[in-house]
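One structure is given here, and the rest of the page talks about it.
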Amino acid sequence: MRILLKFVFIATLSVTFAEKDCSIADSFQAISCRLRASEFAGTFDKLDETDSEKMSEFRKSCKSIDNCMDEIGHCIQDEQATKGLNAIKSFCSIMNFLSTEMTDCDEQWNQEESECYASWNPFQNDKDLREGNDVEGVCGKFFGRNDCLKQEIVDTCGSRDWEKFKNYFLELNDAVKQCDFYGTI
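Read left to right, the sequence shown gives residues -18 to -1, 1 to 167 (mature numbering (1 follows the signal peptide of the UniProt record, and there is no 0)).
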């Protein structure tokens, strides 16, 4: 999954800030944010969640990007830029969750080399839901084909970790609210 997340992140680095309707101060702040995004790429490239020092550096970069969104988010007019920055924020959130709440399970799960885990793409699910692409089909495979992630996490880590994982990803964004998971997961 880390490889997939890295690929998605690299795709978002092409994000540009549209500075229309921004003040001169906002324009300078946008330049600073571009530099922060470049720094983020550096910490991302060296990301190793088993190394607490590198994870600390990564979290600082995530916080820095978050601060940028707070400071100049109001003047970003480009939809692609907004999507890219939101993808970075989601990536930070997911990595933080996996490296704090799911550490032991994630290590065990990575060793399993499961096809279900390797083919699962939470970012594509999110994109498809936001674009209204086959909502029923996307919802039906949100946690892998035939909800295979549930079985794998329960078997590998236990039902408690599955509940944490499921709840985290269901609360991650509003797009998931289109799905009716009642009685299925």
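C-beta atoms are modelled at their ideal positions from N, C-alpha and C, and glycine is treated no differently.
Straight-line spacing of the CA atoms in C74 and F26 works out to 10 Å.
E53 and A69 have their C-alpha atoms some 17 Å from each other.
For M84, there is no enclosing alpha helix (DSSP H), since its DSSP letter is neither H nor E. One thing to note: C50 has its Cβ no nearer than 9 Å to the Cβ of N78.
Taking the CA atoms as reference points, L67 sits about 8 Å from I47. For Q133, the closest C-alpha among the options C98, Q93, R16, L152 is that of C98. Y150 has its alpha-carbon roughly 13 Å from the corresponding atom of F124. In this chain, the alpha helix (DSSP H) harbouring D48 covers 34 to 54. Between G126 and S101, the C-beta gap is smaller than 9 Å, which places the two residues in contact. For F151, the uninterrupted alpha helix (DSSP H) run begins and ends at 141 to 153, by DSSP.
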